[in-house]
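My numbering puts the sequence shown at residues -14 to 345.
In this text, a Cβ means the ideal position worked out from N, Cα and C, and glycines have one as well.
Take a look at the structure below.
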Amino acid sequence: MSTLKGTQQRMNILIVKLRHLGDTLLLTPTLRCIKERFPHAKIDVMVRASCEALLQSNPDVHRVFAIARPEAEQRTFYSAVSENLALLSGILSTQYDFAFDLSDSDRAKLWIWLSKAKIRGFRRSGLKPSWKQRVFNRFDDLPLSSEHQVVKDFETVTRIMGISGKAGPLRFVPRVDPQSLCEKFPWLSLPQPFVVLHATSRWSFKEWAEEHWAGVVDALHELGFTVVLSSGPAPREMQTVSCIQSLASAPTVSIAGAVSLDELAYILARARMFLGIDTFAMHLAAAMQTPTVALFGPSQLRAWTPWQNHAEIPLTHCQCDGSQYRACAQPVSKCLSSLSVAQVMESVQRLGVSSPKHET
């Protein structure tokens, strides 16, 4: 039985997703479905600070609330109090019809409770202790442990709202001035096709050896591609990029730590191909519909594989077999260490992206 009637409901909806950049991007098919079904609904989304940039230009979102980072070294007591008071004012000033916790965190549950939404929804799997259950008054009990994260979010929200549909592609609308970006990176204006290679993550167990990536760089250069190396701004990540550059014989272009999310998305949309590991950049490439070769270590492939994008994933047999427990993550992921440069380049070939060398 449908929870709602008609398509002109003027509802206020709060969705709380206090996770990371990739998790925020994977939420966008759910937002798109709600807005298509209820064009007059106002959807507010609460995310961790630094994730708000992914939603600020999204036409499906009414307001984005950014909550202070949980890492103590990135906040002060006074800034946290000030931000939380402003956030509380915004939440209490709105009468929400629905509120959803899609991050399964105690902080998210607190904000759901404070929202006083008429319907407070959650996917009940393993919800303990009992006080957490009392925060909510509507549950989705469908087992989704083996499904993609997009599906988990989508089914939780749509089933509780009583609507149906299928999750569409990821959505991100980059806000950039192309002329200014081309002045910043002149190679963007050149006719030479390029690929983006992203080898780093905040979690080192996801990373492949620098010397292997250097081999991929040389192989891509032989095919006629310009290789653009990207990474986050963390010193460790930028050091990894420098190491790959020093090990590779072929020249590369580095944008490591030098681009915003919008600029990276614009560059990915114009790249012939993306190569990288299971990280946010991989999901952003999927949002930009950039053909992808993605390397997965001991993480749940089914839950995090590139969503609705042309992708190849080179795999080797491993005892952890994609286990959520990351059985072989320490000290070195055998899933990745046993993967060869040749296997990755075979995936590049299967991807079917034409190379400059074969175009001449």
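Short check: CB of D86 to CB of K103, under 8 Å?
To locate residue 86, count along the sequence shown from 1; it is residue 101. To locate residue 103, count along the sequence shown from 1; it is residue 118. No, these two residues do not count as a Cβ contact at 8 Å.
How would you label T277, buried or exposed, when you count the other beta carbons within 10 angstroms and need 16 or more for buried?
Start at 1 with the first residue of the sequence shown, and residue 277 comes out as number 292. Burial state of T277 is buried, judged by a 10 Å Cβ sphere holding 16 or more other Cβ atoms.
For G337, report the span of its beta strand (DSSP E) as first-last.
Against the sequence shown, residue 337 aligns to sequence position 352. Counting along the chain, G337 falls outside any beta strand (DSSP E), and DSSP gives it neither H nor E.
For the alpha helix (DSSP H) holding D45, just list the boundary residues, first then last.
Against the sequence shown, residue 45 aligns to sequence position 60. From DSSP, D45 is part of no alpha helix (DSSP H); its letter is neither H nor E.
Just list the residues that DSSP pairs P124 with in beta bridges.
Taking the first residue of the sequence shown as 1, we reach residue 124 at position 139. Strictly speaking, residue 124 in this sequence is Phe, with Pro absent from that position. Secondary-structure assignment with DSSP links F124 through a beta bridge to F107.
Going by DSSP, which residues form a beta bridge with I(-2)?
For the purposes of this step, residue -2 is taken as the residue at position 13 of the sequence shown. The partner list for I(-2) (beta bridge, DSSP) reads I28, F83.
Boundaries (first-last residue) of the alpha helix (DSSP H) holding T268
The sequence position of residue 268 within the sequence shown is 283, counting from 1. The sequence given here places His at residue 268; Thr does not occur at that position. First-last of the alpha helix (DSSP H) with H268: 265 to 272.
Express the C-alpha separation of L249 and A235 in angstroms, rounding to a whole number.
Walking along the sequence shown from the start, residue 235 turns up at place 250. Walking along the sequence shown from the start, residue 249 turns up at place 264. So the alpha carbons of these two residues sit roughly 23 Å apart.
Buried or exposed by the 16-neighbour rule on C-beta atoms within 10 Å, applied to T61:
For the purposes of this step, residue 61 is identified with residue 76 of the sequence shown, where counting begins at 1. The residue is exposed, with fewer than 16 neighbouring Cβ atoms inside 10 Å.
Return the bridge partner residues of V238 from the DSSP annotation.
Residue mapping note: residue 238 aligns to position 253 of the sequence shown, counting from 1. In DSSP, V238 forms a bridge with V213.
DSSP-derived helix/strand/coil call for A33
Mapped onto the sequence shown, residue 33 falls at position 48. In the sequence on display, residue 33 carries Arg and not Ala. R33 falls in the strand class under three-state DSSP.
Answer yes or no: do F210 and P178 have a C-beta to C-beta separation smaller than 8 Å?
One-based indexing of the sequence shown puts residue 210 at position 225. One-based indexing of the sequence shown puts residue 178 at position 193. Yes.
For P299, which residues of its own chain have a beta-carbon under 8 Å away from its beta-carbon, when the five flanking residues on both sides are left out?
Within the sequence shown, residue 299 is the residue found at index 314, counting from 1. So the list reads V278, L280, L324, Q328, V329, E331, S332, once near-sequence residues are dropped.
Enclosing beta strand (DSSP E) for V414 [first to last residue]
In this structure the chain extends from -14 to 345, so residue 414 is not present and cannot be described.
If I28 sits next to D45, beta carbons under 8 Å apart, how far is it from one beta carbon to the other, in whole angstroms?
Position 43 of the sequence shown, counted from the start, is the residue given in the question as residue 28. Position 60 of the sequence shown, counted from the start, is the residue given in the question as residue 45. Contact flag correct, Cβ pair sits at about 6 Å.
Kindly indicate which three-state DSSP category I19 falls into: helix, strand or coil?
To locate residue 19, count along the sequence shown from 1; it is residue 34. Helix at I19.
Can L39 and L6 be called in contact, C-beta distance under 8 Å?
Your numbering for residue 39 matches position 54 in the sequence shown. Your numbering for residue 6 matches position 21 in the sequence shown. Closer than 8 Å, so yes.
Whose C-alpha, out of W188, S189, R4, K20, is nearest the C-alpha of C36?
Along the sequence shown, one-based indexing puts residue 36 at 51. Minimum Cα distance to C36 is reached at R4.
Do I229 and V181 have their CB atoms nearer than 8 Å?
Translated into positions along the sequence shown, residue 229 becomes position 244. Translated into positions along the sequence shown, residue 181 becomes position 196. No, the pair does not count as a contact, with Cβ atoms beyond the cut-off.
Using the Cα positions of N294 and A272, report the straight-line distance between them to the nearest angstrom.
Against the sequence shown, residue 294 aligns to sequence position 309. Against the sequence shown, residue 272 aligns to sequence position 287. When rounded, the distance between both Cα atoms is 8 Å.
Contact check, L350 vs F107, beta carbons under 8 Å
No statement about residue 350 is possible, as the shown extent of the chain runs from -14 to 345 and does not include it.
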